[in-house]
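> Take the sequence shown: its position 80, counting from 1, is numbered 80 in the UniProt record's numbering, and each next residue is one higher. Glycine residues also receive a C-beta, built at the ideal position from the N, C-alpha and C atoms. The structure's right below; bear with me while I get my questions together.
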Amino acid sequence: MATYEKKYVWGILLRLFHWTFAPSIFTLIVTGLYIHWPWTNTWLEGSHQFTMAVMRWIHFMAGMLFTCAVIARLYLWFCGNKYERVWDFLPINGRNIKNLFSTLLYYAYLTDHHEERLGHNALAGTAYFFTIILAVIQFITGLYLLYPENNFFVSLGASLFGTQQEARFIHYILNWYFAWFAMVHIYIVIWNDIKHPEGLISSIFDGFKFARKEQ
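Structure follows, in structure tokens:
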């Protein structure tokens, strides 16, 4: 029977990023869809409730937390521990390229080979990398829409995305990407935690994963 030892993998800032990023995404998806298509309707006088204003305020506050979380993850790409840095998981070397394709085959049930890695595997790392890039686009379009009177955000947004309506469309499409990403992410981490005793889920709480002890 294999024996395992605990290894400290995820620092406190990465775990704070995760537990800020995750609930802010959920909140932004729900409130964003309400802003796009309010699903409450009544013939009663409702000015004292002002539901849309409340939803917009929650959306803006969650957006600020989302932005802070993304900035923290960008910082960790270059200044985090060795498992958190971007070059540990991107397919930019032979080891990671091999791991990317072997992980794809493993997730597709086309091979039984599983490479144990303390940090992100190359497939997950690549997905997270592009998700953070899209998150940057999402918060820039959000600030462009939120501050139409601000010269900096207007000039930045217009140069990158065009009109506000075009930026709004990008913002809306990315909302659906993050909804899809959240569902796939939850499925994959539960699937991994069931199949492998590495402590993937618990590691995002205490920072520790389990590695097979060399005999």
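Which stretch, first to last residue, makes up the beta strand (DSSP E) that contains tyrosine 4?
As a first step, residue 4 is located in the sequence shown; it is residue number 4 there, counting from the start. Taken as a continuous stretch (DSSP letters only), the beta strand (DSSP E) holding tyrosine 4 covers 4-8.
> Flag this pair as yes or no: are the beta carbons of phenylalanine 66 and threonine 20 separated by less than 9 angstroms?
Within the sequence shown, residue 66 is the residue found at index 66, counting from 1. Within the sequence shown, residue 20 is the residue found at index 20, counting from 1. Contact: yes.
> In chain order, what residues of the same chain lie with their CB nearer than 6 angstroms to the CB of asparagine 81, ignoring the 5 residues before and after it?
Residue mapping note: residue 81 aligns to position 81 of the sequence shown, counting from 1. Within the same chain, asparagine 81 has close Cβ partners Gly11.
> Look at the alpha carbon of glutamate 84 and the alpha carbon of arginine 15, and state the distance between them as a whole number of angstroms.
For the purposes of this step, residue 84 is taken as the residue at position 84 of the sequence shown. For the purposes of this step, residue 15 is taken as the residue at position 15 of the sequence shown. Spanning the two alpha carbons is a distance of roughly 11 angstroms.
> So which of Trp180, Met183, Tyr147 has the shortest CA-CA distance to alanine 167?
Mapped onto the sequence shown, residue 167 falls at position 167. Measuring from the Cα of alanine 167, the nearest candidate turns out to be Tyr147.
> From what residue to what residue does the alpha helix (DSSP H) around phenylalanine 89 run?
Taking the sequence shown and counting its residues from 1, the one referred to as residue 89 is at position 89. Unbroken alpha helix (DSSP H) run through phenylalanine 89: 86-89.
> Identify every run of the alpha helix (DSSP H) within the stretch 38-83, keeping only runs that are complete inside it and at least 4 residues long; order them along the chain.
For the stretch 38-83, whole alpha helix (DSSP H) runs of length 4 or above, ordered along the chain, are 51-79.
> Quick check on DSSP: helix, strand or coil for lysine 98?
Position 98 of the sequence shown, counted from the first residue, corresponds to residue 98. Lysine 98: helix per DSSP, three-state reduction.
> Between which two residues does the beta strand (DSSP E) containing alanine 211 stretch?
Indexing the sequence shown from 1 puts residue 211 at position 211. Here the beta strand (DSSP E) through alanine 211 covers 208-212.
> So aspartate 193 is in the alpha helix (DSSP H); what residue range does that whole segment cover?
Here the question's residue 193 lines up with position 193 in the sequence shown. Counting along the chain, the alpha helix (DSSP H) containing aspartate 193 begins and ends at 164-195.
> Starting from the C-beta of valine 86, find all residues in its chain whose C-beta is less than 6 angstroms away, skip the five residues before and the five after it, and write them out in chain order.
Walking along the sequence shown from the start, residue 86 turns up at place 86. Closer than 6 angstroms at Cβ, skipping near neighbours: Trp77.
> Assuming valine 9 and lysine 209 are in contact, meaning their beta carbons sit under 8 angstroms apart, how far apart are those beta carbons, in whole angstroms?
Against the sequence shown, residue 9 aligns to sequence position 9. Against the sequence shown, residue 209 aligns to sequence position 209. About 5 angstroms separates the two Cβ atoms, so the contact holds.
> Quick check on the DSSP output: the alpha helix (DSSP H) that includes glycine 32 runs from which residue to which?
As a position in the sequence shown, residue 32 is number 32, starting the count at 1. Glycine 32 -> alpha helix (DSSP H) spans 12-36.
> Based on Cα-Cα distance, which residue from Trp176, Asn175, Leu160, Gly119 lies nearest to serine 203?
Mapped onto the sequence shown, residue 203 falls at position 203. When only C-alpha atoms are compared, the closest one is Gly119.
> What distance in whole Å lies between the Cβ atoms of isoleucine 137 and leucine 90, which are believed to be in contact at a cut-off of 8 angstroms?
Taking the first residue of the sequence shown as 1, we reach residue 90 at position 90. Taking the first residue of the sequence shown as 1, we reach residue 137 at position 137. About 19 angstroms; that fails the 8 angstroms criterion.
> If you run the structure through DSSP and keep just helix, strand and coil, what is histidine 109?
Within the sequence shown, the letter at position 109 stands for residue 109. Note that residue 109 is tyrosine in the sequence shown, not histidine. Three-state DSSP puts tyrosine 109 in coil, outside helix and strand.
> What does a CB cutoff of less than 7 angstroms around proline 38 pick up in its chain, not counting 5 residues either side in sequence?
In the sequence shown, the residue the question calls residue 38 occupies position 38. Counting only Cβ-Cβ distances below 7 angstroms, and skipping sequence neighbours, we find Met52.
> Quick check on the burial criterion: 16 or more other C-beta atoms within 10 angstroms. Buried or exposed for valine 54?
Here residue 54 refers to the residue found at position 54 of the sequence shown. Its Cβ having fewer than 16 others within 10 Å, valine 54 is exposed.
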